[in-house]
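Residue 233 is where the sequence shown starts when you use the numbering used here, and the numbers rise one by one after that.
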Amino acid sequence: MDAAAKRYTGPGHRLFHHTLETAVMFENYYKKFDVGLSHQARLEVALHIAFDKGIINGLDLALMRELTKAWSPKKKGSRIF
Numbered sequence: 233m234d235a236a237a238k239r240y241t242g243p244g245h246r247l248f249h250h251t252l253e254t255a256v257m258f259e260n261y262y263k264k265f266d267v268g269l270s271h272q273a274r275l276e277v278a279l280h281i282a283f284d285k286g287i288i289n290g291l292d293l294a295l296m297r298e299l300t301k302a303w304s305p306k307k308k309g310s311r312i313f
């Protein structure tokens, strides 16, 4: 495990070194389920790469998370546990 991966607290982040090859692997895996999901997976790995390289910081990620929540359609009757 490299030093960049050690700063993550979740076990999944420690298992993968975020590279373009990882992004393609996730994209191909999720393509079996849904094309949109595969595209989202590739973009998420790209965000992790940018974060690891210091191109974006935690505040940028928090802003992106809030914008995604605001733009996402609300499902009626759904609850988050």
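Using N, Cα and C, we set each Cβ at its ideal position, and we do this for glycine too.
So the candidates are G268, E259, A302 and E298; which of them puts its Cα closest to the Cα of A278?
A278 has its Cα closest to that of E259, out of G268, E259, A302 and E298.
In terms of residue numbering, what span does the alpha helix (DSSP H) encompassing T300 cover?
Looking at the DSSP string, the run of the alpha helix (DSSP H) that includes T300 is G290 to W303.
Would you give the residue range spanned by the alpha helix (DSSP H) that T254 belongs to?
Its alpha helix (DSSP H) spans residues L252 to K263.
Are the Cβ atoms of I288 and A294 separated by less than 8 Å?
Their beta carbons are not under 8 Å apart, which means I288 does not touch A294 by this criterion.
Nearest CA to the CA of R274: which residue from T254, E298 and H249?
Considering only alpha carbons, the answer is T254.
Which whole-angstrom value describes the C-beta separation of Y262 and L252, a residue pair presumed to lie in contact below a C-beta threshold of 8 Å?
No, Y262 and L252 are not in contact; Cβ-Cβ is about 16 Å, not under 8 Å.
Should H271 and H250 be called a contact, given that it needs their Cβ atoms to be closer than 8 Å?
Cβ atoms of H271 and H250: not closer than 8 Å.
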